[in-house]
Amino acid sequence: MSSPTLHASVVLDRLTFTWPDGSTALSEVSGSFGTGRTGLVGRNGAGKSTLLRLMAGDLTPTSGVITATGEIAYLPQRLTLDVERRVAELLGVAPALDAVRAIEAGDVDPGHFDAVGDDWDIEARAEASLAEAGLSPDFLDRRVGELSGGEAVLVAIAGIRLRRAPITLLDEPTNNLDRDARAKLAAMVESWRGALVVVSHDLSLLELMDDTAELYGSELSVFGGPYSEWRAWLDAEQDAAKQAEIAAKQVLRKEKRQRIEAESKLATRARMANKAEVEKRVPKIVAHGRKMAAEVSAGRLRVEVGAKEDAARSALDEAGRRVRSDASMKIELPDPGVSRARRIATIGDAERSWVVQGPERVALIGRNGAGKTTLLERLVGSAALGEEHPDRIESADSTEPGAQGREIGTDAVAHTAQIGYLPQRVDGLDEARTVFENISDAAPQVPEKELRNRLARFLIRGATAERPVAALSGGERFRVALAKLLLSDPAPHLVVLDEPTNNLDIDTVDQLVEALRAYRGAVLVVSHDDAFLARLDLDLTLEIDAEGALRAV
300 MSSPTLHASV
310 VLDRLTFTWP
320 DGSTALSEVS
330 GSFGTGRTGL
340 VGRNGAGKST
350 LLRLMAGDLT
360 PTSGVITATG
370 EIAYLPQRLT
380 LDVERRVAEL
390 LGVAPALDAV
400 RAIEAGDVDP
410 GHFDAVGDDW
420 DIEARAEASL
430 AEAGLSPDFL
440 DRRVGELSGG
450 EAVLVAIAGI
460 RLRRAPITLL
470 DEPTNNLDRD
480 ARAKLAAMVE
490 SWRGALVVVS
500 HDLSLLELMD
510 DTAELYGSEL
520 SVFGGPYSEW
530 RAWLDAEQDA
540 AKQAEIAAKQ
550 VLRKEKRQRI
560 EAESKLATRA
570 RMANKAEVEK
580 RVPKIVAHGR
590 KMAAEVSAGR
600 LRVEVGAKED
610 AARSALDEAG
620 RRVRSDASMK
630 IELPDPGVSR
640 ARRIATIGDA
650 ERSWVVQGPE
660 RVALIGRNGA
670 GKTTLLERLV
680 GSAALGEEHP
690 DRIESADSTE
700 PGAQGREIGT
710 DAVAHTAQIG
720 YLPQRVDGLD
730 EARTVFENIS
740 DAAPQVPEKE
750 LRNRLARFLI
760 RGATAERPVA
770 ALSGGERFRV
780 ALAKLLLSDP
790 APHLVVLDEP
800 TNNLDIDTVD
810 QLVEALRAYR
820 GAVLVVSHDD
830 AFLARLDLDL
840 TLEIDAEGAL
850 RAV
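Offset between the sequence shown (1-based) and our numbering: plus 299.
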């Protein structure tokens with residue numbers, strides 16, 4: 300592995316963190332992050348988000364030391380916002396901005412001058428930061444509640460840049476961003492000043508990194524290069540490790556065989572020596588001397604062949620430790636028994652509509668704020684209300700208020716009540732209850748032992764099943780929500796997913812793709828991840844355009 304950036308911005312020394320329930324998230328992690336841009340990768344549950352929270356001071360280590368060269372700014376994976384706050388507050392410029400405006404209006408209160416300090420150009424700088432994030436200058440005085448999730452993330456990142464913190468931590472920053480916003484973020488990252496550590500499963504974002512750090516088995520290793528180079532190195536290293544393991548197994552078999560052959564020869568010699576002594580074919584003293592010499596020789600041979608076998612076994616153990624045996628989530632969707640002629644849902648606007656029929660796969664795309672999630676919620680809500688009437692769409696010449704107060708004319712109606720819905724924010728879980736308690740609610744008729752066996756396929760086992768949902772990482776939370784959806788009874792005719800790849804590691808995305816491709820029910824998915832959508836063998840892609848109308852693309 301290549302050496303990391305020479306100068307460190309954050310150093311970890313035997314860092315350990317244990318949750319209140321006694322489960323260990325990180326154990327004696329040591330390593331460092333450089334002064335450039337570092338992508339932090341690892342499987343879901345490896346502890347990446349926990350590590351960022353520890354570095355940011357949001358959590359306190361159970362033991363170990365974190366040393367940083369300067370102030371650390373942190374963007375959490377789940378951005379909790381006060382919707383009534385102004386954007387200027389989210390940017391962190393409200394006190395200075397308000398003071399400058401008060402002074403310009405003629406208020407000479409000394410407190411205003413103290414608040415401004417040297418930031419007389421704060422409004423211009425704040426507007427420039429918003430512009431860099433692709434947002435209008437008039438956002439400064441808007442309420443946070445008027446922003447989409449992606450816009451709020453961009454504002455928060457712009458605020459971090461505006462504060463010029465020497466070290467910045469971003470946890471899954473692209474989760475709520477559409478294609479245009481992701482491009483803006485990429486441009487911001489490429490020109491980033493200071494140390495930057497980004498936890499992400501977004502391959503395009505990881506390609507902008509100077510270094511790639513991996514958290515694996517509580518060990519932090521750093522590779523000098525972007526994700527693709529690190530992945531190529533890891534694949535090559537694992538291929539070499541597997542070949543070394545095969546070779547070590549062959550050597551061990553050879554040494555075992557030679558030991559057995561040596562033991563057989565020694566046993567034959569011992570029998571012959573005993574026979575010669577008993578039959579007195581040679582003088583007793585000579586026979587006894589030969590017997591003793593044979594025993595010494597046998598002992599020496601046993602030591603030699605035993606040492607070779609032990610060395611071969613040690614070499615195999617070492618080779619085996621280099622080979623990863625990562626557990627993968629086994630997603631097996633139930634067969635809902637949906638015929639190809641069965642109408643599942645109708646989606647449309649005032650001009651035209653599309654019928655989702657049988658096991659079709661449909662993608663819904665469009666920029667943030669276009670109304671995609673609103674449309675999904677109307678679809679799911681219609682099933683809950685028993686509204687299975689396509690006439691509601693065919694006569695939809697009235698408009699429906701959408702995101703940010705803009706009116707859209709799209710609508711969706713379900714023709715089945717059996718819908719499994721996984722929302723973008725995965726907010727259908729009881730935070731205070733355990734993982735097992737949450738999932739057992741969806742499958743009350745399934746015996747506990749059988750339910751736990753099914754959960755193991757989602758890598759939810761042992762102590763993890765007994766942890767409260769509030770203590771889970773984003774990826775773990777998604778697995779729990781997905782398990783709850785898929786283990787429900789009866790099986791859903793339609794699976795509706797809103798940005799399902801946001802919190803999944805790359806290997807789990809592969810598992811999800813294979814499961815959805817094999818699913819015999821209908822799938823409706825909203826995603827900004829073009830690579831993910833391209834792998835689903837879609838039957839239809841619908842886009843909500845800038846005018847709020849639907850079109851097939």
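The C-beta atom is built at its ideal place from N, Cα and C for all residues, glycine as well.
* Does DSSP put SER697 in a helix, a strand or coil? -> With a pLDDT of 33 at SER697, under the threshold of 50, the predicted position of this residue should be treated as unreliable, though the coordinate-derived value follows. If DSSP states are grouped into helix, strand and coil, SER697 belongs with coil.
* What is the DSSP secondary structure of THR800, counted as helix, strand or coil? -> coil
* **For ILE545, three-class secondary structure by DSSP** => helix
* Would you mind stating whether ARG249 and HIS714 have Cβ atoms separated by less than 8 Å? => With the chain covering 300 to 852 only, the question about residue 249 has no answer from this structure.
* Where ALA711 falls, given that 16 or more other Cβ within 10 Å makes a residue buried -> buried
* Residue span of the alpha helix (DSSP H) that contains GLY448, given as start and end -> 448-462
* Asked: Does DSSP put VAL808 in a helix, a strand or coil?
  -> helix
* To do: Could you round the C-beta distance between ILE738 and ALA782 to whole angstroms and report it? I think they count as a contact, below 8 Å.
  => 6 Å
* the segment 433-449 touching the segment 649-668, judged by at least three CB pairs closer than 8 Å -> yes
* To do: Please determine, among TYR720, VAL808, THR359, the residue with the shortest C-alpha to C-alpha distance to ALA780.
  => TYR720
* To do: Kindly provide the ranges of any alpha helix (DSSP H) runs that are 4 or more residues long and lie completely inside the segment 310-389, ordered along the chain.
  => 347-355
* To do: Consult DSSP for LEU438 and reduce its assignment to one of helix, strand or coil.
  => The sequence as given places Phe at residue 438; Leu does not occur at that position. Helix at PHE438.
* Distance between SER826 and LEU793 (C-alpha atoms, nearest Å) -> 17 Å
* Got a sec? Which residues, its chain only, sit under 6 Å from GLU693 by beta carbon, not counting five neighbours each side? -> Residue placement at GLU693 is poorly supported in this model, since its pLDDT is 48, which falls under 50; the coordinates are not used for a value here.
* **VAL852 (DSSP reduced to helix, strand or coil)** => coil
* Are ARG313 and SER329 closer than 8 Å when you measure CB to CB? -> yes
* **C-alpha gap between VAL498 and ALA611, whole angstroms** => 40 Å
* Please list the segments of the beta strand (DSSP E) lying wholly inside the segment 476-560, counting only runs of 3 or more residues, in order along the chain. => 494-498, 510-515, 518-522
* **Helix, strand or coil at ASP844 according to DSSP, with G and I counted as helix** => coil
* Among LEU815, LEU849, ILE843, the one whose alpha carbon lies nearest that of ARG834 -> LEU815
* Asked: In angstroms, rounded to a whole number, what distance separates the CA positions of ARG400 and ARG732?
  -> 48 Å
* Would you call GLU383 buried or exposed, if buried means 16 or more other Cβ atoms sit within 10 Å of its Cβ? -> exposed
* **Sequence-distant residues of its chain with Cβ nearer than 8 Å to GLY657 (five each side left out)** => VAL637, SER638, ARG639, ALA640, ARG641, ILE643, ALA821
* Where the alpha helix (DSSP H) containing SER428 begins and where it ends -> 421-431
* Asked: Leaving out the 5 sequence neighbours to the left and right, which residues in its chain are closer than 7 Å to ALA345 when beta-carbon positions are compared?
  -> LEU514, TYR515
* Spatially closest choice to MET354 from GLY341, THR361, ILE371, VAL340, by CA coordinates -> ILE371
* Asked: Hey, is the segment 316-323 in contact with the segment 420-439, meaning 3+ C-beta pairs nearer than 8 Å?
  -> no
* Asked: Looking at C-beta atoms only, is the number of pairs between the segment 739-755 and the segment 797-815 that lie closer than 8 Å three or more?
  -> no
* Measure the beta-carbon distance from SER308 to GLY333 and round it to whole angstroms, keeping in mind my assumption that it falls under 8 Å. => 6 Å
* **Expected contact under 8 Å - CB spacing of GLU798 and PRO767 to nearest Å** => In fact, because the Cβ distance is near 24 Å, the residues do not count as touching under 8 Å.
* Asked: To the nearest angstrom, how far is it from the Cα of ASN801 to the Cα of GLN376?
  -> 10 Å
* Asked: Tell me which same chain residues have a C-beta within less than 6 Å of the C-beta of GLN723, skipping the five on either side of it?
  -> ASP797, GLU798
* Any idea which residues DSSP pairs ALA644 with across the strands? -> VAL655, ALA713
* **ARG753: first and last residue of the uninterrupted alpha helix (DSSP H) it sits in** => 747-755
* Asked: For THR467, does the three-state DSSP call read helix, strand or coil?
  -> strand
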